[in-house]
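Take a look at the structure below.
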Amino acid sequence: MGRANRAKQTKIFKIGEKRMPLEVIDAFALLKKACATVNASSGKLDLDKEKAIGFACDRILNGELDEHFPLVVFQTGSGTQTNMNVNEVVAFVSHEKGVMVHPNDDVNMSQSSNDTFPSVMHIAAYKAIHKKLLPELDKFQAILKEKKEAYWQLVKIGRTHLQDATPLTLGQEISGYEAMIKNAKRFIEESSVSLSALAIGGTAVGTGINAPENFGNDVASELKRLTGFPFISDENKFFALQSHSPINYVHGAIRALASDLMKIANDIRFLASGPRSGIGEIRIPENEPGSSIMPGKVNPTQCEALTMVAAQVMGNDTTINVASSQGNLELNVYKPVIIDNFLESVRLLTDGMKSFRIHCLDGLQANEAVIQDKLENSLMLVTALNPHIGYEKAAEIAKAAHENGTTLRVSAVSSGYVTEEQFDSWVDPHKMTNL
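When we follow UniProt numbering, the leftmost residue of the sequence shown carries the number 1, and every step to the right adds one.
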């Protein structure tokens, strides 16, 4: 299927092993099908050719022709080789319908690589976000909500600067994680609206040369019909060819999600550290042997996997940011590496969150005995005495308790500043959570 040109390009661009993502190929199939429909409606393309092109595109979308798209990401920065790869495969498969379809004159009619590839970038990115990432964020938030509610009343010691602080409940702590995911979803969802504007109709430099009037609007409408997504024609095609700030903008929200996931995973592995020399306030599932040399360890493997995913996404963001800055004159020529990194981020985060949710969060449990012991022995409960005896006396009590290895209650009563009854009334960890 278009073997001569494909073989040549495969030989010329023999760089690494990263193939153009199949999400991009599928988006191309949707775009070529929509363009054929619009070209036929305007009388430029024969109806039998439109049907044949649609048939070929459907076969691509069904995953029947994946092996015919071997080109790597590192090719020309406009993605021309992949556009031609798709054109040739579509033309070849169209022949099965007994119709002679030309890859350039018919499949690529009214188009240029310069407006098809950026359009495909937006189609693939929007679809990946709304079909993969956002649904997993909903599930991830739901399991956090479940854990929050289960431990809403379980008081524990808080920590700031990795040092003991005033109490909160485990549920309150987890509610912060839940809010992070809720906000991350909102940021990604809202920013993804910018991906709905497509470059198609701009052709080579944004002027729309060789495309019929309203071609961009009509193709966007057809894509909306085919996908159910709210695609529109970008009002400024010169911008759409030169700039990939929408992709950069959305990936910024995705990077922020990665930062939040890094924090959540790190918190959980810190709180699960132990079993005897760590914090140990929560238990995580023992999914596999923790060590090849130290029996009995439960390593936070899912936390480590998710933090590596987050690190990769942050690296991808740097690549996208640099590549997006290369919109020299009328065309950004780093398009393939931009969309490859974007889709990898979505793929990794979706898979990473799913794995973490199923194999870590779902089985997460509070170690209530450890939580209670650390709470009772915390010196930071002394903060509750400040309004009654003042900061200086409260600090004196805490310092004495620490130096003498006693509880705060014993130190407070021994100081003579408070009675047992006053201490028990004033120092109530549950009240300190403001629940």
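In this text, a Cβ means the ideal position worked out from N, Cα and C, and glycines have one as well. What you are looking at is a predicted structure, and each value in this text was computed from that prediction instead of being measured.
Item	Value
Just reading off the alpha helix (DSSP H) that I397 is part of, what are its end residues?	Y391 to N404
What are the residues that DSSP puts in a beta bridge with Q365?	R283
Is Q163 helix, strand or coil by DSSP?	strand
Does the separation of the CB atoms of V250 and S194 fall below 8 Å?	yes
Would F28 and V120 qualify as a contact pair, given that the criterion is a beta-carbon distance under 8 Å?	yes
Just to confirm my understanding: we take I264, look at its own chain, exclude 5 residues before and 5 after, and list those with CB closer than 6 Å. What are they?	Y177
Between which residues of its own chain and F231 is the CB-CB distance below 7 Å, once the five residues before and five after are set aside?	S196, L198, A220, L223 and K224
Kindly give me the distance between the Cβ atoms of I53 and D106, rounded to whole angstroms, as I take these residues to be in contact under 8 Å.	7 Å
Kindly give me the distance between the Cβ atoms of K147 and L361, rounded to whole angstroms, as I take these residues to be in contact under 8 Å.	7 Å
Straight-line CA distance for L257 to I181?	7 Å
Only counting runs of 3 or more residues, tell me where the beta strand (DSSP E) segments fall wholly within the region 92-132, in order along the chain.	none
According to DSSP, simplified to helix, strand and coil, what is V72?	strand
Between the alpha carbons of A124 and N248, how many angstroms are there, rounded?	14 Å
Under 8 Å between the Cβ atoms of N85 and F69?	yes
If you draw a straight line from the C-alpha of L61 to the C-alpha of A240, how long is it?	25 Å
Could you give the distance in angstroms between the alpha-carbon of E173 and the alpha-carbon of L271?	11 Å
Check whether the Cβ atoms of V346 and K139 sit closer than 8 Å, and answer yes or no.	no
Does the beta-carbon distance from Y126 to F215 come in below 8 Å?	no
Between which two residues does the alpha helix (DSSP H) harbouring T207 extend?	Taken as a continuous stretch (DSSP letters only), T207 belongs to no alpha helix (DSSP H), as it is neither H nor E.
Determine the extent of the alpha helix (DSSP H) in which D48 is found, giving its start and end residues.	L47 to L61
Grab me the residues of residue 449's own chain with a C-beta within less than 7 Å of its C-beta, minus the 5 sequence neighbours each way, in chain order.	Here the chain has residues from 1 to 435 only, and residue 449 is not among them.
Excluding five sequence neighbours on each side, which residues of the same chain lie with their C-beta closer than 6 Å to the C-beta of A165?	G158, R159 and M380
Determine the direct distance from the alpha carbon of L170 to that of residue 436, and round the result to whole angstroms.	Coverage of the chain is limited to positions 1 through 435, which leaves residue 436 absent and any answer about it impossible.
Does DSSP put G158 in a helix, a strand or coil?	strand
Return the Cβ separation of A211 and M262 in integer angstroms, given the expectation that the two are a contact with Cβ distance under 8 Å.	Between M262 and A211 the Cβ distance is about 45 Å, and since that is not below 8 Å, they are no contact.
So what does DSSP say about T80, is it helix, strand or coil?	helix
Suppose you measure from the CA of T406 to the CA of I397; what does that come to, to the nearest Å?	10 Å
Where does T383 sit, in a helix, a strand or coil, going by DSSP?	helix
Over what stretch of residues does the alpha helix (DSSP H) that includes Y334 continue unbroken?	Neither: Y334 is in no alpha helix (DSSP H) and is coded neither H nor E.
Along the chain, where does the alpha helix (DSSP H) that runs through E190 open and close?	L170 to S191
What does DSSP give as the partner residue(s) for L198 in the beta ladder?	S233
Can you give me the Cβ contacts of V205 inside the same chain, cut-off strictly under 8 Å, excluding the 5 residues immediately before and after it?	N114, F238, L241, E330 and L331
Which residues in the same chain have their Cβ closer than 6 Å to the Cβ of V370, if we skip the five residues on either side of it in sequence?	G280 and E281
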